[in-house]
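For the sequence shown, the working numbering assigns the number 13 to the initial residue and increments by one for each residue that follows.
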Amino acid sequence: MTADRKLLTSDSSGCTGCGVALQTEDPQKLGYVPESALARTPIICQRCFRIKNYNESSSITLNQDDFLRLLGHVGSTNSLVVNIVDLFDFEGSMISSLARFVGTNPIVLVVNKIDLLPKVTNYNRILNWVQRQAKEAGLKVVEIVLCSAKKNMGFERVIEALDHHRKGRDIYVVGATNVGKSTLINRLIRDYSDLDSELTTSQYPGTTLDLVRIPLDDGSSIIDTPGIVYKHRLTELVSKSDLVKLMPDKVLKPLVFQLNEQQTIFFGGYARFDFVQGERQSFTFYVSNALNPHRTKLERADELYEEHKGVMLAPPTLAELELLPPWTKHAVRIPKGKSIDISISGLGWVKANSQSGADLVVHVPKGVKVSIRESLI
Ligand SMILES: Nc1nc2c(ncn2[C@@H]2O[C@H](COP(=O)(O)OP(=O)(O)OP(=O)(O)O)[C@@H](O)[C@H]2O)c(=O)[nH]1
Ligand SMILES: [Mg+2]
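Here's what the structure looks like:
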């Protein structure tokens with residue numbers, strides 16, 4: 013797969029945007045395309061048309077049976093698997109049971125959205141970090157690549173890795189929802205082919221609905237797949253309008269707070285961070301710039317929340333808060349002299365660099381994954 017070669021040719025059944033089976037009978041059902049639009053090529057369903065042209069939100073949640081049906085056969089094929097994870101939600105977007113899906117097929121791990129990291133970031137360090145995390149998670153991969161599919165960073169390396177490992181086989185692109193699978197394949201289509209179809213992408217999870225097979229010029233294909241839904245990601249629990257605020261759309265600006273023990277930071281009504289015990293120290297928050305942190309005394313925190321949730325402590329609004337599970341607490345102890353991150357799936361992470369140790373409590377909606385890890389940055 014080289015840059016100067018024509019890569020892709022057109023051929024598709026189903027919607028070329030999301031893969032859904034097309035039908036002309038019922039506008040209310042998935043896959044509808046008006047009869048008059050059938051003559052156009054490439055054919056996209058009405059839902060894709062609306063997402064593309066009106067930025068309409070239309071997330072469809074596939075259940076586990078759908079996934080097993082769609083991805084369960086990958087293990088019995090001879091293919092290369094490209095697993096995309098989102099660096100902003102690394103723990104939340106890792107597929108825990110990948111080996112079960114893909115059998116003995118080789119896996120290339122593509123860590124996407126590196127454009128969100130602050131500009132000074134040392135990518136080699138990040139790559140080493142990902143290698144250690146993947147190993148710890150028991151994920152066996154033939155190569156790890158960092159990239160930004162949206163901002164075209166590191167893409168040559170992605171192409172090289174695919175070229176090197178695929179050996180004429182089909183490529184399945186798999187991952188959690190919203191990690192950028194379709195965006196990445198679109199970049200391939202755009203830069204390395206003269207195909208004029210485009211996969212549908214959107215800022216909301218649950219865009220791709222079925223396998224979309226894009227033929228490569230050697231007879232094999234690259235296959236887009238629907239994202240796996242993980243309810244432990246805050247981004248899967250919030251309303252569509254809140255999602256836009258949670259997901260950073262530009263480089264993260266680290267927020268540094270010097271905190272005394274018995275102080276609390278609120279991130280709207282999504283999360284609360286209590287510094288319970290320890291010497292005065294700094295904590296660095298990597299969250300979407302659209303979230304307003306609010307500092308208060310720990311002893312005032314419960315009362316402040318009851319008085320101001322949904323208004324000063326927003327997003328989410330009161331109505332949206334109703335849709336979220338109630339908070340649950342995660343106690344975290346930072347050992348002396350350790351630099352660790354507390355990552356909150358879908359919200360971001362907090363870096364604690366504690367010379368003297370610290371006791372913290374993190375409050376998040378029940379079910380949201382909170383993990384402790386070696387510091388990323
Ligand atoms: N910042 C940033 N955003 C990205 C990048 N790649 C994709 N996105 C954004 O992530 C969102 C999801 O992208 P998609 O390509 O639709 O993700 P997907 O994995 O195909 O999602 P599903 O089809 O729902 O499983 C969109 O808003 C993209 O613009 C990237 O490299 N950096
Ligand atoms: Mg997609």
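Glycine included, every Cβ here is placed at the ideal spot set by N, Cα and C.
Contained alpha helix (DSSP H) runs [length at least 4] in the segment 209-285, N- to C-terminal order: Qualifying alpha helix (DSSP H) stretches, in chain order: 246-249, 252-258.
Simplified DSSP state of Leu-336, which is helix, strand or coil: DSSP, read as helix, strand or coil, puts Leu-336 in coil.
Boundaries (first-last residue) of the beta strand (DSSP E) holding His-375: Secondary structure note for His-375: its beta strand (DSSP E) is the uninterrupted segment 370-377.
Proximal residues to Asp-23 (C-beta, below 6 Å), its chain only, five neighbours per side dropped: Low confidence applies to Asp-23: its pLDDT is 38, below 50, so where it sits in the model is not reliable, and the reading given next is rough at best. Closer than 6 Å at Cβ, skipping near neighbours: Pro-227.
Collapsed DSSP secondary structure at Gly-290 in the structure displayed: The answer is strand: DSSP assigns Gly-290 an E or B state.
Near ligand 1: Gln-367 beta-carbon under 7 Å from a heavy atom: Answer for Gln-367: no, Cβ out of range of ligand 1.
C-alpha gap between Val-256 and Asp-175, whole angstroms: Taking the straight line joining both Cα atoms gives about 35 Å.
Cβ pair Ser-71, Gly-218 closer than 8 Å: Cβ distance < 8 Å, so Ser-71 and Gly-218 count as in contact.
At least three beta-carbon pairs within less than 8 Å, the segment 97-111 to the segment 193-200: The answer is no - the segment 193-200 does not touch the segment 97-111, with fewer than three Cβ pairs under 8 Å.
Span of the beta strand (DSSP E) around Asp-182: Segment 182-187, the beta strand (DSSP E) holding Asp-182.
Closer than 7 Å: Gly-290 CB and nearest ligand 2 heavy atom: Not one heavy atom of ligand 2 is found less than 7 Å from the C-beta of Gly-290.
For Lys-321 and Leu-330, believed in contact at Cβ under 8 Å, the rounded distance: Right, the Cβ-Cβ distance comes to about 7 Å (below 8 Å), so this counts as a contact.
Under the three-state DSSP convention, the category Arg-17 falls into: Reliability of the predicted coordinates at Arg-17 is poor, the pLDDT of 28 falling under 50, and the value obtained from them is presented with this limitation in mind. Assignment of Arg-17 by DSSP, reduced to helix, strand and coil, places it in the coil class.
Same chain, Cβ closer than 6 Å to Ile-119, five either side skipped, listed in chain order: Excluding residues up to 5 positions away in sequence, Val-93, Asn-95, Val-153 lie with their Cβ nearer than 6 Å to the Cβ of Ile-119 in the same chain.
Asp-229, buried or exposed, once every other Cβ within 10 Å from all chains shown has been counted against 16: Classification for Asp-229: exposed.
Whole-Å CB distance - Ser-194 paired with Asp-236, under 8 Å assumed: With 8 Å as the limit, Ser-194 and Asp-236 qualify as a contact, their Cβ atoms being about 6 Å apart.
Segment contact, 8 Å Cβ cut-off, at least three pairs: the segment 258-269 with the segment 295-307: Taking 8 Å as the limit for Cβ pairs, the verdict is that the segment 295-307 does touch the segment 258-269.
Lys-341 - DSSP class collapsed to helix/strand/coil: In this structure, DSSP gives Lys-341 an extended state, which the three-state scheme calls strand.
Secondary structure of Asp-206, DSSP reduced to three states: Coil, per DSSP.
Residues of its chain near Arg-137, where Cβ-Cβ distance is below 7 Å and the 5 sequence neighbours each way are ignored: Nothing meets the Cβ criterion.
Simplified DSSP state of Asn-190, which is helix, strand or coil: Looking at Asn-190 - three-state DSSP - the assignment turns out to be coil, as it is neither helix nor strand.
C-beta atoms of Thr-89 and Asp-203 nearer than 8 Å: Going by C-beta atoms, Thr-89 is not nearer than 8 Å to Asp-203.
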